[in-house]
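Numbered continuously in my numbering, the sequence shown closes out at residue 846. Virtual Cβ for every residue (Gly too), placed ideally from N, Cα, C.
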Amino acid sequence: LQQFFNNHMFKLEEKVYEEEGIQWEPIKFTDNIQTLDMIERRLGIVDVLDEESRFPRATDESFRRKLMTTLSECNFFSVPRQLRTGFRLLHYAGEVDYEVAGFLDKNRDQIQSSLVDALTHSTSSFVQDLIKFGVRSAPATADSPATRSCRSTEPQQQLPRAASSATLLKSAMKNHHTASSPLQRSKSGLLSRAGGSGSPSSRKQNATSVAVQFKSQLNELMEVLSTTHAHFVRCVRPNREKKSNHFDSDLVQTQLLYSGILETIRVRQAGYPIRTPHGRFCKRYSMLADNIYRRGDSREWSGAILESKLASGCPLPSVAEEGNSVVHRLWQVGKTMVFLRECMFHFLEERRKGAIYRCAVTIQAVFRSYVVRKQYLKFRASVIVAQAQVRCVFARRRFLLRKEATIRIQTRVRCYQGRLAYLRTRYVLTLMQANLRR
409 LQQFFNNHMF KLEEKVYEEE GIQWEPIKFT DNIQTLDMIE RRLGIVDVLD EESRFPRATD
469 ESFRRKLMTT LSECNFFSVP RQLRTGFRLL HYAGEVDYEV AGFLDKNRDQ IQSSLVDALT
529 HSTSSFVQDL IKFGVRSAPA TADSPATRSC RSTEPQQQLP RAASSATLLK SAMKNHHTAS
589 SPLQRSKSGL LSRAGGSGSP SSRKQNATSV AVQFKSQLNE LMEVLSTTHA HFVRCVRPNR
649 EKKSNHFDSD LVQTQLLYSG ILETIRVRQA GYPIRTPHGR FCKRYSMLAD NIYRRGDSRE
709 WSGAILESKL ASGCPLPSVA EEGNSVVHRL WQVGKTMVFL RECMFHFLEE RRKGAIYRCA
769 VTIQAVFRSY VVRKQYLKFR ASVIVAQAQV RCVFARRRFL LRKEATIRIQ TRVRCYQGRL
829 AYLRTRYVLT LMQANLRR
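Here it is as structure tokens:
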């Protein structure tokens, strides 16, 4: 599984760069293929363990001595003096010591034939069907094609890329068909460890060790994984005391080292972790191309967008590495994708966020101007109506005052004219009476 992780994360990284025509330096990473070959090859650890398990007089110490003889020239196997009952293997992230006590007994792990006979002759129809349904061919042996496939010098080289091949898919489906459910696999494992459903002598001959079963099941698992799009979730144990909000830095660092996370981070920092198809890149970052009209296909347009940021005088993120120009160290344009460094990706995202912010501010300003103008026009109409009413009231008041004043003036004038006529008439009558009296 660690080799599958290495192949998916590291080797495919290099293959993508080669297919896209990206200028890059070969990524150096620790490969555990030789350790896998030492464990699974012919006369490897699994074969020696399975062979020793067949001998009744074999012991754990004889298994250890045979490993020392068989793997004496292997650089990944050693027997230090302080390990008197064990051996040491050099794994992906460091050396691991193994104690051989109980290796053979755990590898045999056979169910007694009397128990299988009792289950076979059970009066329960469910138990009888359980035993009959679990009969299948024995798992792959050390010389089977499934086992030999793990002995090649590069067993995982084509696994992720073979996910679309019909041959591997059919093989994985065939493996699923032979063990289509966990119940079937548990029944078949029960019979295989017991030696089948035949006579005791045949069960003894056909007994399969735990190591062979594990190798066969692991091969099936790798075939299934090779047909999928892999995603990896690494669980890190924060401390040994199971306390909350407490992190043991040494323990966490050891787990990150042994699980390959630190190596993955180093490889991603050395390469281009952000890959975006040209069409999606143009659609997302075309707003950053100031005063540049689209020309050519998406690949040319992607390069023009990136070049425009360089020519615009914007402060680009700095990279501490030496080598090619700043452009090629920050991004590269491949055949189908744009490859970006982490810092360049964040730089473009910040510029895009700023452009979206400015557009949003402009849209908000226009919308708020529309809303405010609409409110202003409504308020202006209301003010005009109110002004008209107020002016009408004041005009009516002035009219009434003028009317009252006019009436008073008319009254005074008429009074004066009437009195003047009265005085004239009185004067004339007085003269007439005076003349008559004479």
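- The Cβ neighbour count for C690, taken over all protein chains shown within 10 Å, is at least 16; the residue is labelled buried.
- Under a 10 Å Cβ-count criterion, A697 is classified as buried, with 16 or more other Cβ atoms of the shown protein chains found around its own Cβ.
- In the three-state DSSP reduction, D505 falls in the strand class (E or B).
- Sixteen is the threshold: when 16 or more other Cβ atoms of the shown chains lie within 10 Å of the Cβ of I453, as they do, the residue is buried.
- Look at S667 here: in three-state DSSP terms it is coil, with no helix or strand label.
- The closest CA to that of V641, considering only E649, K623, R749 and G668, is found on G668.
- Rounded to whole angstroms, the gap between the alpha carbons of I792 and R804 is 18 Å.
- In this structure, G762 and V741 do not form a Cβ contact; the two beta carbons are roughly 23 Å apart against a cut-off of 8 Å.
- For R776, the enclosing alpha helix (DSSP H) stretches over residues E750 to R845.
- Under the Cβ criterion (8 Å, minimum of three pairs), the segment 473-492 counts as touching the segment 446-463.
- By the 16-neighbour rule on beta-carbons within 10 angstroms, T838 is exposed.
- Judged by DSSP in its simplified three-state form, S486 adopts strand.
- The DSSP-derived three-state label of L498 is strand.
- Between T684 and M745 the beta-carbon gap is near 6 Å, inside 8 Å, which marks them as a contact.
- Our two residues, L738 and R676, have alpha carbons roughly 13 Å apart in a direct line.
- Per the coordinates, the alpha-carbon of A796 lies some 35 Å from the alpha-carbon of Q772.
- The C-alpha of Q536 lies about 7 Å from the C-alpha of H529.
- Around the beta carbon of I764, fewer than 16 other beta carbons lie within 10 angstroms, which makes this residue exposed.
- For the pair of segments examined, the segment 498-517 was found to touch the segment 457-474: the number of CB pairs separated by less than 8 Å reaches three.
- Under the three-state reduction of DSSP output, V424 falls in the helix class.
- It is roughly 16 Å from the alpha-carbon of Y830 to the alpha-carbon of T819.
- Bounds of any beta strand (DSSP E) do not take in T467, whose DSSP letter is neither H nor E.
- Annotated three-state conformation of I447 is helix, per DSSP.
- Under the DSSP assignment, V741 falls in the beta strand (DSSP E) whose first and last residues are W739 to V741.
- Distance between Q490 and R496, taken at the CA atoms: about 11 Å.
- K419 sits buried, since 16 or more C-beta atoms from the chains shown fall within 10 Å of its C-beta.
- Contact check for L451 and T478: beta-carbon distance about 5 Å, within the 8 Å limit, so the pair qualifies.
- Residue burial annotation: M840 is exposed, with fewer than 16 other C-beta atoms found within 10 angstroms of its C-beta.
- Spatial neighbours of L457 in its own chain (CB-CB distance under 7 Å, excluding positions within 5 residues in sequence) are listed in chain order as F471, F511, N515 and A619.
- Annotation: the continuous beta strand (DSSP E) that includes R683 extends over I682 to P685.
- In the three-state reduction of the DSSP assignment, F511 falls in the helix class.
- In this chain, the alpha helix (DSSP H) harbouring E628 covers V618 to S634.
- In this structure, T672 is the residue among T672, N653 and H754 with its C-alpha nearest to the C-alpha of F413.
- Listed as beta-bridge partners of M745 by DSSP are P685.
- Within a 10 Å sphere around the beta-carbon of F755 sit 16 or more other beta-carbons, which makes this residue buried.
- Around T493, the same chain offers D468, E469, R472, E507, V508 and A509 as residues with beta carbons nearer than 8 Å, after the five sequence neighbours per side are excluded.
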